[in-house]
Amino acid sequence: MFGSEPFRRLSVLPNMDIKGKLAIVTGVSKGIGLETVKLLLQEGAIVAGWGRTSADIDHENYHFFKTDVSNWDQVQASFKATKEKLGKTSILVNNAGMGYQGLIHEMDVEEWKYMFDLNVHGLFYCIKQVVPDMIEMEEGHIVNLSSIAGTNGVKTMSGYVGTKHAVTGIGHSIFQELRDHGIKVTTVYPGSTNTNFFDSIEFANANENMMRPQDIAQSIVQSVQTHANYHVVDLEVRPLKPKG
């Protein structure tokens with residue numbers, strides 16, 4: 104009987120060691136991207152920060168490559184420079200993204216296009232670059248930042264919501280393509296987070312009742328550090344008490 108026999112402790116498998124592994128993180132200047140860079144460096148990873156503005160980090164293992172990920176030519180150039188300087192990429196965190204607010208019939212066409220260029224096309228560009236080396240190494244982890252908006256609709260945010268639904272669909276499809284090559288794909292769905300995202304959003308303001316970006320970064324890094332045969336496909340995180 105279970106109650107009469109000594110409890111047999113299960114063997115604990117070690118986490119994936121990311122020390123010395125190369126991670127590309129996009130959108131590194133602030134918020135979740137910045138905090139993810141800090142934690143990856145703390146765990147011993149080498150980090151290539153891609154963005155239009157660098158993170159305020161002075162660390163021997165942090166290397167900034169000025170990149171607008173919505174631009175295919177810049178992504179190709181940054182990947183070439185990153186690989187030549189730092190080697191092959193084991194981790195990609197697709198964090199860069201933004202949103203404009205507006206009713207569908209009032210949305211500016213160029214703003215709509217830019218959301219898709221950055222949030223969707225940029226994600227594709229980065230994944231396209233890193234995957235061949237990951238396949239060759241039979242190792243890799245791609246983390247895509249979606250949003251709670253990637254699982255439902257939000258009034259006046261149809262463009263942004265559309266991009267995040269695309270991120271969800273891409274992640275769910277490519278994990279099936281890549282899993283047999285030893286490559287993991289994790290899609291993260293943060294709820295309201297205390298970042299500058301809400302600076303231009305009318306119906307909400309960043310506040311202390313929202314999640315801290317460093318906690319989301321911790322969840323991202325923990326998902327990367329899991330055992331090789333343990334795959335976090337979807338990771339939804341929300342504030343426990345969003346109204347305090």
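For the sequence shown, our numbering begins at 104 and goes up steadily by one. We put the beta carbon where it would ideally sit given N, CA and C, even for glycine. None of the values given here were measured: they were computed from a predicted structure.
Beta-carbon proximity list for residue i, same chain, < 6 Å, skipping 5 on both sides
i           : result
residue 268 : 253
residue 148 : 121, 124, 126
residue 333 : none
residue 339 : 292
residue 156 : 132
residue 213 : none
Pick from the options that is closest to residue i, judged by C-alpha positions
i           : options            : result
residue 218 : 156, 175, 264, 239 : 264
residue 183 : 196, 132, 168      : 168
residue 341 : 324, 331, 314, 322 : 314
residue 188 : 151, 178, 220, 211 : 151
residue 97  : 325, 258, 178, 239 : Absent from the model: residue 97. The displayed extent of the chain is 104 to 347, so no value can be given.
residue 230 : 258, 212, 273      : 273
residue 215 : 262, 318, 180, 236 : 262
residue 225 : 270, 206, 260, 205 : 270
residue 324 : 196, 203, 161      : 196
residue 287 : 162, 141, 331      : 331
residue 259 : 209, 290, 163      : 209
residue 161 : 172, 176, 145      : 145
residue 158 : 133, 278, 164      : 133
residue 165 : 172, 180, 185      : 185
residue 289 : 236, 295, 275      : 275
residue 294 : 207, 255, 327, 156 : 255
residue 316 : 328, 241, 198      : 198
residue 282 : 213, 336, 266, 232 : 336
residue 207 : 237, 257, 234      : 257
residue 329 : 243, 279, 266      : 243
residue 232 : 278, 181, 326      : 181
7 Å CB neighbourhood of residue i in its chain, flanking five on each side removed
i           : result
residue 174 : none
residue 200 : 130, 221, 222, 248
residue 172 : 129, 153, 178, 199, 221, 225, 228, 229
residue 347 : 312
residue 236 : 191, 192
residue 241 : 284, 285
Sheet register partners of residue i (DSSP bridge)
i           : result
residue 339 : 292
residue 197 : 247
residue 149 : 125
residue 347 : Partner(s): none; residue 347 has no beta bridge.
residue 287 : 244
residue 169 : 154
Any non-hydrogen atom of the ligand FAD within 7 Å of residue i CB
i           : result
residue 331 : You won't find the ligand FAD in this model; it holds no ligand whatsoever.
CB-CB length for residue i against residue j, believed under 8 Å
i           : j           : result
residue 154 : residue 170 : 6 Å
residue 319 : residue 135 : 5 Å
residue 291 : residue 246 : 6 Å
residue 142 : residue 321 : 6 Å
Chain C contact for residue i (CB, 8 Å cutoff)
i           : result
residue 120 : Going by chain labels, chain C is absent from the structure shown, which holds only one protein chain.
Nonlocal neighbours in the same chain, by C-beta distance under 8 Å from residue i, ignoring five residues either side
i           : result
residue 211 : 203, 205
residue 344 : 312
### Query
For the 8 Å Cβ check, are there 3 or more pairs between the segment 191-204 and the segment 124-141?
At 8 Å Cβ cutoff, the stretches touch.
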